[in-house]
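Protein chains: 2
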Amino acid sequence: MQETTRKTRRPSLPEGRRDAMRKLAAGAAGALASGAAFRADAIAPLAVPAWTREPGAPLLSPAYGVPSSFEGDVIRRTARAPAMPGSGSSMTPLADLFGTLTPNGLVYERHHAGVPKIDPDQHRLVIHGLVREPRIFSMDDLVRLPSESHVYFLECSGNTRTEWKGPSGLPVQLTHGLLSCCEWTGVRLSTLLDEVGIDPSAQWLLAEGADGAAMTRSLPLDRIMERALVVYAQNGERLRAENGYPVRLIVPGFEGNTNIKWLRRLKLVREPEMTREETSKYTNLLPDGRARQFVFEMDAKSVIARPSAGHRLKERGYHAISGYAWSGRGRIRSVDVSTDGGKSWRAARLTSAVHDRALTPFEADWQWDGGPANLQSRATDETGYVQPTREALVAARGVNSEYHYNGIQNWRVDESGEVRNA
Amino acid sequence: MQETTRKTRRPSLPEGRRDAMRKLAAGAAGALASGAAFRADAIAPLAVPAWTREPGAPLLSPAYGVPSSFEGDVIRRTARAPAMPGSGSSMTPLADLFGTLTPNGLVYERHHAGVPKIDPDQHRLVIHGLVREPRIFSMDDLVRLPSESHVYFLECSGNTRTEWKGPSGLPVQLTHGLLSCCEWTGVRLSTLLDEVGIDPSAQWLLAEGADGAAMTRSLPLDRIMERALVVYAQNGERLRAENGYPVRLIVPGFEGNTNIKWLRRLKLVREPEMTREETSKYTNLLPDGRARQFVFEMDAKSVIARPSAGHRLKERGYHAISGYAWSGRGRIRSVDVSTDGGKSWRAARLTSAVHDRALTPFEADWQWDGGPANLQSRATDETGYVQPTREALVAARGVNSEYHYNGIQNWRVDESGEVRNA
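Each protein sequence line maps, in turn, to chains A and B.
According to the UniProt record's numbering, the first sequence is numbered sequentially starting from 1.
According to the UniProt record's numbering, the second sequence is numbered sequentially starting from 1.
Rendered as structure tokens:
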């Protein structure tokens, strides 16, 4: 929903939902005859619970707050043991999140040599190469420059790789959880480049991290200049250590690994440097044996988060279907939802303001008849690109690729209400 | 900056800033002659720091992330000991935040009887009174309903009460820190009221919390219906215990205490119920002895967060001035900044998308000449309302009011660079 439609009143709820709500409410009230019409005097006052009868916990416990103890299962999880210490990933619990943002404590991780502990007072960022004046910036220097704040998603190019060869059986956290969305604050790359003065022959930018892997990628200046940011804050506070503290690159819409964390060096160059990460890694093998290189933008994609694999529908009737859509090429234009495995589709509601290159939550109503169902979502972005079926994606790219899987996800519901990735 | 202006390239930096940056960079590089022109070969490569020479910390440490150990001072703080256990407030560290959002761990607290520990499976919300069908909702019921996500600030009506009688000497966290901004997700109040059916005679809504204080306020339906939300998530995850877990009311732009936490009851009524919190508390005493009652909207306000009291300017020349503006009556239209105590003003840049009733960060450039200065900011909202001087506010309201102080804040800079609330 765009900001401009905020004043629109929601239409009335469908009758099926009303019935479902009524039944639930009756169950909760306990004393009511099921299905009876409600009257103003028909429900007993709520009992006063224990937590209202006594004072609660005191203030400032703790001075930096933590989630409710009832939410202890909402954590990052990893799909498999890391190949070596410090290398690997942890994934965002999408099925338990709401809205457009990922709280900092749940932003996914992907490290090549662990999380360095960097003293911000000692850290420096150098900009050099084809520039008029190479420069070294301290963190104080960076924070003094004009800043901007924008909401952008981040997605690992390997997200959903589990589904290339067919349904993996895994839950949404482990299929789609290399995906998060934050408000980022920092300096435009173009502001920094204005400071050093670019030589007209500079066409690419090499970005290098200060981690033990010295993670390094080459980026095409003309495709990143308009939006790229050098950021020091996420969701209102300084970056978290595992997200690049004290400073990282954000290249909106580009595959996660190009958003170099713990940024220490930007070099202006004529040609890509052909680093390890863009030759032996992060290329996409096609069926004919050739590889696609420098595939940067994450194409439009979506996934249903509730209900999804591992959930169980308790009863027939009304259920809300909700999930996320995103595109590395701009705003989400629309999301369609199917409950019959893609035979028929209908438009979902977008339930927040739609930002450029940000997670966009969607919802749709569904009356479950108690039979088998196949739940799918399909995103369309502002360029008109439509998220492909798995079959169309495989026909074009084969099954040897590790990266950029964006096929439509299917969640299968059986008669017991169990939801599976099958 | 509106979304539509994103493509605008920033103007070049003022020369004073360039000079300051150059000097800093030279200091960082160490080996350079101060003030000398840079050449492409004029800076030595950065030394490889210790944290690049060895693997970092492993993944999943912890599964729910925490801030960098270098950011241990960025915590909520309290201005004074609470009057009784569980009653009091803790404040958001505005001088250390960035962008529009407050991370959940730093959202301000104001409790009347501590933080209850509420089991979400047992919690119920009842809607009753002048309705066709009183109803009881479980948390599952609420999450099934159509949801929306919006970014809104929250401000305690007592925020900045310290400044009524003149400068308090306190830092910005303790003068303005009863202020936070989150993305909230939940159900429109109007959706819930559609479910129960409102009697046309219902003009007010009584909202009651499940805490030990049974915090209770009456709210005018016609002024809240368009925007009020019953929310269960903030910044992407379920509400924090201290912010109302598992469900609270959000009344965008209204004083904080009306956004009832731990919401258990909504009663549709003809007239305000004249609860304790709107008779003996939360009224505003005027000079003639009368009190303003039901003053809900927080008027437009702003404050400079950097530099602010307790900071020290290290050198003359370029400094960025940054802060926050907000209004309970709509969007921020503009922010002006003065460095001469309000004699002259110039427009600040708004550095994020401008949302309705949300914190709006601003920035301005400043060349400090080394002399005394008085830094002030002044917000104007979309209704045309201009934040008043302290003098104008006191002339209208006197100094006996506890609430709704929104005067222009002055930070005094002396020749040593020290910044004071004086």
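Here a beta-carbon is modelled for each residue, glycine too, at the ideal position from N, C-alpha and C.
Remember, predicted model here, so these are calculated numbers, not experimental data.
In this structure Ser149 (chain B) is in contact with Glu183 (chain B), their Cβ atoms being roughly 6 Å apart against a cut-off of 8 Å. Listed along chain A are Glu183, Asn235, Gly236, each with a C-beta nearer than 7 Å to that of Leu101 (chain B).
When secondary structure is reduced to three states using DSSP, His176 (chain B) falls in the helix class. Annotated three-state conformation of Ala233 (chain A) is strand, per DSSP. The beta carbon of Asp369 (chain B) sits closer than 6 Å to no other beta carbon from its chain once the five residues preceding and following it are set aside. With respect to Glu315 (chain B), Arg265 (chain B) sits apart: the two C-beta atoms are not nearer than 8 Å. Among the residues of chain A, none has a CB under 7 Å from the CB of Gln203 (chain B); the nearest is roughly 17 Å distant. At least 8 Å separates the beta-carbon of Asn406 (chain A) from that of Asp340 (chain A).
In this structure, Gly236 (chain B) keeps its C-beta atom at 8 Å or more from the C-beta atom of Gly323 (chain A). Bounds of the beta strand (DSSP E) holding Ile304 (chain B) are 301-306. With a minimum length of 4 residues, the unbroken runs of alpha helix (DSSP H) contained wholly in the stretch 213-272 of chain A fall at 221-224.
Distance from the CA atom of Gly65 (chain B) to the CA atom of Pro372 (chain B), rounded to whole angstroms, is 43 Å. For Thr100 (chain B), there is no enclosing alpha helix (DSSP H), since its DSSP letter is neither H nor E. DSSP lists A:Tyr318 as the beta-bridge partner residues of Gln367 (chain A). The three-state secondary structure of Ala373 (chain A), taken from DSSP, is strand. For Ala233 (chain B) and Thr279 (chain B), the gap between their C-alpha atoms comes out near 31 Å. For Glu148 (chain A), the nearest beta carbon of chain B is closer than 8 Å to its own beta carbon. Distance between Ala50 (chain B) and Leu263 (chain A), taken at the CA atoms: about 15 Å.
DSSP, read as helix, strand or coil, puts Phe137 (chain A) in strand. One alpha carbon belongs to Ile304 (chain A), the other to Leu46 (chain A), and they sit about 35 Å apart. Scanning B:Leu193, B:Gln409, B:Gly197, B:Glu242 for the CA closest to the CA of Pro307 (chain B) turns up B:Gln409.
Interface annotation, Leu46 (chain A): in contact with chain B, CB-CB separation under 8 Å. In this structure Arg124 (chain B) is buried. Its beta-carbon is surrounded by 16 or more other beta-carbon atoms within 10 angstroms. Interface annotation, Phe153 (chain A): not in contact with chain B, CB-CB separation never under 8 Å.
Looking at the backbone, the Cα of Met91 (chain A) and that of Val231 (chain A) are separated by about 22 Å. According to DSSP, Trp411 (chain A) shares a beta bridge with A:Leu375.
The distance from the Cβ of Arg76 (chain B) to that of Ala63 (chain A) is about 5 Å, consistent with a contact at the 8 Å cut-off. DSSP places Ser149 (chain A) in the strand class (E or B) of the three-state scheme. Assigned with DSSP and collapsed to three states, Ser190 (chain A) falls in helix. Within the stretch 57-80 of chain B, those residues whose Cβ lies closer than 9 Å to any Cβ of chain A are, in chain order, Ala57, Pro58, Leu59, Leu60, Ser61, Pro62, Ala63, Tyr64, Gly65, Val66, Pro67, Ser68, Ser69, Phe70, Glu71, Gly72, Val74, Ile75, Arg76, Arg77, Thr78. Interface with chain A (8 Å Cβ-Cβ cutoff): Asp211 (chain B) is included. Residues of chain B with a Cβ closer than 7 Å to the Cβ of Trp51 (chain A) are, in chain order, Pro116, Lys117, Ile118, Ala210.
Between Ser338 (chain B) and Asp381 (chain B), the C-beta spacing is not below 8 Å.
Listed in chain order, the non-local C-beta contacts of Asn259 (chain B) below 7 Å within the same chain comprise Leu154, Arg248, Leu249, Ile250, Val251, local neighbours out to five positions each way being set aside. The Cβ atoms of Ser89 (chain B) and Leu174 (chain B) lie no closer than 8 Å to each other. Collapsing the DSSP output to three states places Leu142 (chain A) in a helix.
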